[in-house]
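Student: Counting from 1 along the sequence shown, just add 762 to a position and that's the residue number in this note's numbering.
The beta carbon of each residue, even a glycine, is placed where N, CA and C say it ideally should be.
Predicted model only: the values in this text are computed from it and were never measured.
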Amino acid sequence: MIGPLAWSEAGKVQGLHVDPQKGEVTISNGDPKVAVDQLVAQYERLFGRASHEVCREAVASLIVSLPRAEVPVSLLS
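1) How long is the line joining the alpha carbons of VAL833 and GLY785, rounded to whole angstroms?
2) In the structure shown, what three-state DSSP assignment does VAL826 receive?
3) How far does the beta strand (DSSP E) with GLU806 in it reach, from first residue to last?
4) In terms of alpha-carbon separation, which member of LEU778, ARG807, TYR805 and LYS795 lies closest to LEU838?
5) Expressed to the nearest angstrom, what Euclidean distance is found between the alpha-carbon atoms of VAL787 and GLN776?
Below, the structure written as structure tokens:
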């Protein structure tokens, strides 16, 4: 997900720190898996179910090497 609205929505997720100028999102506290799940849910509320699939596809190559237990539930296929 990209664009000003996506950055704004990411900023609403507790535990995420968003810096759109640097193109960075960091998790400042809490469980990273929970933060990612909340971010995916936030995008889905705003953009619809298709955004959930876009999120999953966007990280597919990044999570392929992670143990299943470390992958946020929202990104499992």
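Tutor: To lay it out plainly:
1) In a straight line, the C-alpha of VAL833 is about 22 angstroms away from that of GLY785.
2) In the three-state scheme derived from DSSP, where H, G and I count as helix and E and B as strand, VAL826 is classed as coil.
3) DSSP places GLU806 outside any beta strand (DSSP E); the residue lies instead in the alpha helix (DSSP H), whose first and last residues are 794 to 809.
4) In terms of CA proximity to LEU838, LYS795 leads the group LEU778, ARG807, TYR805 and LYS795.
5) VAL787 and GLN776 have their alpha carbons spaced roughly 12 angstroms apart.
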